[in-house]
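Here the numbering used here is used: the first residue of the sequence shown is 14, the next is one more, and so on. Cβ coordinates follow ideal geometry from the N, Cα and C atoms, glycine included. As the structure is a computational prediction, the values presented were derived from the model and not from experiment.
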Amino acid sequence: MSQDWTDPTLYPGYTLSTRKEWLDVSAVNDALDSEMVYWGARLPVDVLRKMLDNSLCFGVYYTGPDGVRQQVGLARLVTDEVSFAYLTDFYITHQGKGLGKWVLQVMDGILSSWPHLRRLMFITDPTRGKPFYEANLPRCHEQDLVSKGYTMLEKLYDGAPKIFQ
Ligand SMILES: CC(C)(COP(=O)(O)OP(=O)(O)OC[C@H]1O[C@@H](n2cnc3c(N)ncnc32)[C@H](O)[C@@H]1OP(=O)(O)O)[C@@H](O)C(=O)NCCC(=O)NCCS
């Protein structure tokens, strides 16, 4: 079931929502194609729609005085909504207004309510992303499986971001 969040005092004009029908495929594609989303790439519209439909998406929307709703951000969770969640395609175009922090707070609240969730995972860069997450996502930390006697493997496929190829 989708949910909406507003906070007219802190974020006037903005709505955070998990509604699938509000997602603006064209706006998301433009963001994926931009330098801001350095790991992403434009996708065929039907493929992008499928990707969004199969994810738990937090869309950030701005409604101006003209009443037109515009998508200005996204955070996408690839998740079974029980045991695992992977955060990706997180961006805000109206930056520096606290919206990214708000998305993390709302998302963390939802994830904390899932009693069987094992972990949230995500990749970020150590200089820009890591300080943002450490400041705004309580108790998140750099993964250290090795000291616990484990390691993590991956296999990259054709859609892997160029930065990892
Ligand atoms: C990272 C991003 C989502 C943050 O969204 P935002 O709405 O601009 O961030 P906020 O305004 O909520 O900032 C919240 C706090 O984090 C800080 N912050 C924001 N971006 C930061 C960064 N890259 N590094 C360190 N701190 C950062 C802000 O200064 C602010 O601090 P304050 O609470 O002390 O004032 C946004 O800048 C963005 O889309 N960047 C490009 C895409 C990207 O890098 N996404 C994350 C990839 S893992």
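Asked                                                                                                                                                                            : Found
For residue 169, which residues from the same chain have a beta carbon less than 7 angstroms from its beta carbon, with the 5 sequence-adjacent residues on both sides left out? : 177, 178
For residue 158, is the classification buried or exposed, using 16 other Cβ atoms within 10 angstroms of its Cβ as the cut-off for buried?                                       : exposed
On the premise that residue 56 lies in contact with residue 64, defined as a C-beta separation below 8 angstroms, what is that separation, rounded to the nearest angstrom?      : 7 angstroms
So does residue 174 have its beta carbon nearer than 7 angstroms to some heavy atom of ligand 1?                                                                                 : no
Quick check on residue 176: does DSSP put it in helix, strand or coil?                                                                                                           : helix
Could you say if the region 67 to 76 and the region 24 to 38 meet the contact criterion of at least three C-beta pairs nearer than 8 angstroms?                                  : yes
Taking buried to mean at least 16 other C-beta atoms within 10 Å of its own C-beta, is residue 51 buried or exposed?                                                             : exposed
Which residue or residues does DSSP assign as beta-bridge partners of residue 170?                                                                                               : None, per the DSSP bridge assignment.
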